[in-house]
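Visitor: Residue numbers for the sequence shown follow the numbering used here, so the first one is 1167 and each next one is one higher. For glycine and all other residues, C-beta sits at the position ideal for the given N, C-alpha and C. The structure that follows is given in the form of structure tokens.
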Amino acid sequence: MSSARPTVQKPVPWLVPGEAFPSVSHAWGAMDPAPGLLAAGGALDVDSLLQAYQHGIFPWFSTGQPILWWSTDPRMVLKVDAFRLHRSLRKTIAAFAGNTGAEIRFDTQFSEVIRACSGSPRPGQSGTWIVADMVQAYEALHQAGYAHSVETWIDGQLVGGLYCVAIGKAVFGESMFTRVPDASKIALAALVCFCRIHGIPLVDCQQNTAHLASLGAREIPRSVFCDQLALQTRLPGPVWQFDPHCWTALQPQPLASP
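Set out below in structure tokens:
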């Protein structure tokens, strides 16, 4: 007869709107059915979202599910000094930066960006986690000054971009979309440049993917991530405006140099 004991699954707390989040240490672990799951319920109002992000928690759920709150361990982050700029992307950015019809804009079309992200196909996924309630919640967060769009424009057309959450000098990447090759990567590179210029050390990526790893993102312990959040979220944040001079943060020499 086996002496092994059955695994006892931890209950998932149900939050009422306005209720404080449990400690991230209570999130489901690697041996649980959904590693990182912390709580369900609550609300997607601005105050709840700010409290969540400040403690390393984010919402992620699909149509037909309740609001689900997560805090993954380890945490995938892109340290901006470790951003991996492959040769082909470097050439693409050089051409983009030298094109008078191309520009990076911040926050001019946030709603279009998040809706484009919602509609972008994802490998291995049949739907999207950026459901209507999430779109409305992040539009409200944008209006409050805590969510931003990084937009790639060519000849007056929005061709790609991403949106993120920013509290002080903590930046949390959410989702990207592209309508032409590399447009989302150009937006990410612009965000990395902006962060380097303004002393923002990393961009939270939440979960590990091969694509993010190819760009230099790595996992760190959640405890380390949360310790950094406690510091970065208390610092004054930058003015979210992109200056083309930011491109020089990618390399010591001007991008147009051979």
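In terms of residues, what are the limits of the beta strand (DSSP E) holding G1327?
Guide: Taking the sequence shown and counting its residues from 1, the one referred to as residue 1327 is at position 161. First-last of the beta strand (DSSP E) with G1327: 1323-1333.
Visitor: Please state whether DSSP places A1186 in a helix, a strand or coil.
Guide: Position 20 of the sequence shown, counted from the first residue, corresponds to residue 1186. Coil.
Visitor: Here's a check: name, in chain order, each residue in its chain whose Cβ is nearer than 7 Å to the Cβ of V1301, leaving out the five neighbours to either side.
Guide: Position 135 of the sequence shown holds residue 1301. The answer, listed in chain order, is I1280, R1281, S1284.
Visitor: DSSP on P1410, reduced to helix/strand/coil?
Guide: The residue given as residue 1410 occupies position 244 in the sequence shown. In the structure shown, P1410 sits in a helix (DSSP, three-state: H, G or I).
Visitor: State the DSSP-derived secondary structure class of H1252, mapped to helix, strand or coil.
Guide: Taking the sequence shown and counting its residues from 1, one reaches residue 1252 at position 86. Three-state result, H1252: coil.
Visitor: What residue from Q1323, E1317, A1303 has the CA that sits closest to I1270's CA?
Guide: Here residue 1270 corresponds to residue number 104 of the sequence shown, with the count starting at 1. It is E1317.
Visitor: Can you give the Cα-Cα distance for G1326 and L1181, rounded to whole angstroms?
Guide: Numbered from its first residue, the sequence shown carries residue 1326 at position 160. Numbered from its first residue, the sequence shown carries residue 1181 at position 15. For G1326 and L1181, the distance between alpha carbons rounds to 36 Å.
Visitor: Quick check on V1405: buried or exposed, where buried means 16 or more other Cβ atoms within 10 Å of its Cβ?
Guide: Mapped onto the sequence shown, residue 1405 falls at position 239. By the neighbour-count rule (16 or more Cβ atoms within 10 Å), V1405 is not buried but exposed.
Visitor: Can you look up L1416 in the DSSP assignment and give me helix, strand or coil?
Guide: The sequence position of residue 1416 within the sequence shown is 250, counting from 1. Helix at L1416.
Visitor: If we call anything under 7 Å between Cβ atoms a contact, is G1222 one with L1395?
Guide: As a working note, residue 1222 is residue 56 in the sequence shown. As a working note, residue 1395 is residue 229 in the sequence shown. Closer than 7 Å, so yes.
Visitor: Could you tell me the alpha carbon to alpha carbon distance between R1388 and T1266, rounded to whole angstroms?
Guide: Position 222 of the sequence shown, counting from 1, holds the residue named residue 1388. Position 100 of the sequence shown, counting from 1, holds the residue named residue 1266. Cα-Cα distance, rounded: 42 Å.
Visitor: Mapping DSSP to helix, strand and coil, what is S1292?
Guide: For the purposes of this step, residue 1292 is taken as the residue at position 126 of the sequence shown. Because S1292 carries a pLDDT of 45, less than 50, the predicted location of this residue cannot be relied on, and the following value inherits that uncertainty. DSSP places S1292 in coil when its eight states are reduced to three.
Visitor: Three or more beta-carbon pairs under 8 Å between the stretch 1323-1339 and the stretch 1232-1241, yes or no?
Guide: Verdict: no, contact absent.
Visitor: With a CB to CB cut of under 6 Å and the five nearest residues on each side skipped, what residues in its chain are close to L1357?
Guide: Here residue 1357 refers to the residue found at position 191 of the sequence shown. Around L1357: V1316.
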